[in-house]
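Structure record follows, encoded as structure tokens.
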Amino acid sequence: MTPRPCIALGAAALALACASAAAEKADRNKPTQIEANRMSADDAKRLNIFEGGVVLTKGSITVRAERIVVRQDADGFRHTTATGKPVRFRQRQDPKGDKEGAWVDGEALRIEIDDRDSKIELFDNARVTRDGDEVAGNYIFVDQRSDFFSVSGGQSAPGSRVRAVIQPKATPEPSK
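Next up, the structure:
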């Protein structure tokens, strides 16, 4: 199995976190571009650190963070940690029928992406929106392989419950 680009997994998984929406499949085959104020690399440790207004783009995906740390394991899989106040992402979903793909937006103070296990974790003030629908909590976990996600509130702090807003869908008017 070849490793997949870590940020594509992150954005695709975040899209799943909102009504199990599919991210644009074409993004997986696009090159990744990263801009930052600073970058350091330790090839011996297989570690890359991007800092200062980091902007990552890959196809329709955009991730904005203050810092992104990418670690690569011996098999070539990546574990990525993005931090910011907050980390923000945006990605277009695959079109459905004749309908254009919707944009998925999300944010959290920290996002961790494990491309070996296809798992994504959003920590602290996590929120994902799509077509006016929103899910928010202290923690969002996504397993891309099984299309499973869960949202948790905080332990005991007031206002730390899971919140979801589901907009009514327009129903076609009956023809006369």
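All letters in the sequence shown, in the order written, are residues 1080 to 1255 by our numbering. Even for Gly, the Cβ is constructed at its ideal location relative to N, Cα and C.
Start and end residues, beta strand (DSSP E) containing residue i
i: N1217; result: D1212 to D1222
i: Q1170; result: R1157 to R1171
i: K1137; result: L1126 to K1137
i: T1141; result: I1140 to Q1151
i: G1180; result: Neither: G1180 is in no beta strand (DSSP E) and is coded neither H nor E.
i: Q1112; result: Q1112 to E1114
i: I1199; result: K1198 to R1209
i: R1242; result: R1242 to V1244
Buried versus exposed, by CB contacts within 10 Å (16 or more), residue i
i: V1183; result: buried
i: Q1234; result: exposed
i: R1242; result: exposed
i: R1157; result: buried
i: A1144; result: buried
i: T1159; result: buried
i: D1154; result: exposed
Length of the line joining the Cα atoms of residue i and residue j
i: R1240; j: A1215; result: 9 Å
i: R1206; j: A1123; result: 36 Å
i: A1101; j: R1171; result: Model confidence at A1101 stands at a pLDDT of 45, short of 50, so the residue's coordinates are unreliable; what they give is reported in the following sentence. So the alpha carbons of these two residues sit roughly 9 Å apart.
i: G1089; j: K1248; result: Because G1089 sits at a pLDDT of 35, beneath the cut-off of 50, its placement in the model cannot be relied upon, and the following sentence gives the value as read from the coordinates. Each residue's Cα considered, the two are about 27 Å apart.
i: E1252; j: K1178; result: 18 Å
i: L1135; j: R1209; result: 21 Å
i: N1217; j: F1202; result: 6 Å
i: E1200; j: I1192; result: 7 Å
i: S1197; j: S1225; result: 9 Å
i: R1167; j: N1204; result: 12 Å
i: D1152; j: D1121; result: 13 Å
Sequence-distant residues of the same chain with beta carbon closer than 6 Å to residue i, five excluded per side
i: T1141; result: R1169
i: N1116; result: G1131 and G1132
i: E1213; result: V1244
i: I1128; result: S1119 and V1148
i: S1229; result: F1220
Beta-carbon contacts of residue i that lie in its chain and below 7 Å, excluding the five residues immediately before and after
i: G1180; result: E1103, R1171, Q1172, D1173 and P1174
Checklist line | Cβ contact (3+ pairs, closer than 8 Å) linking the stretch 1146-1163 and the stretch 1184-1191 | finding: yes
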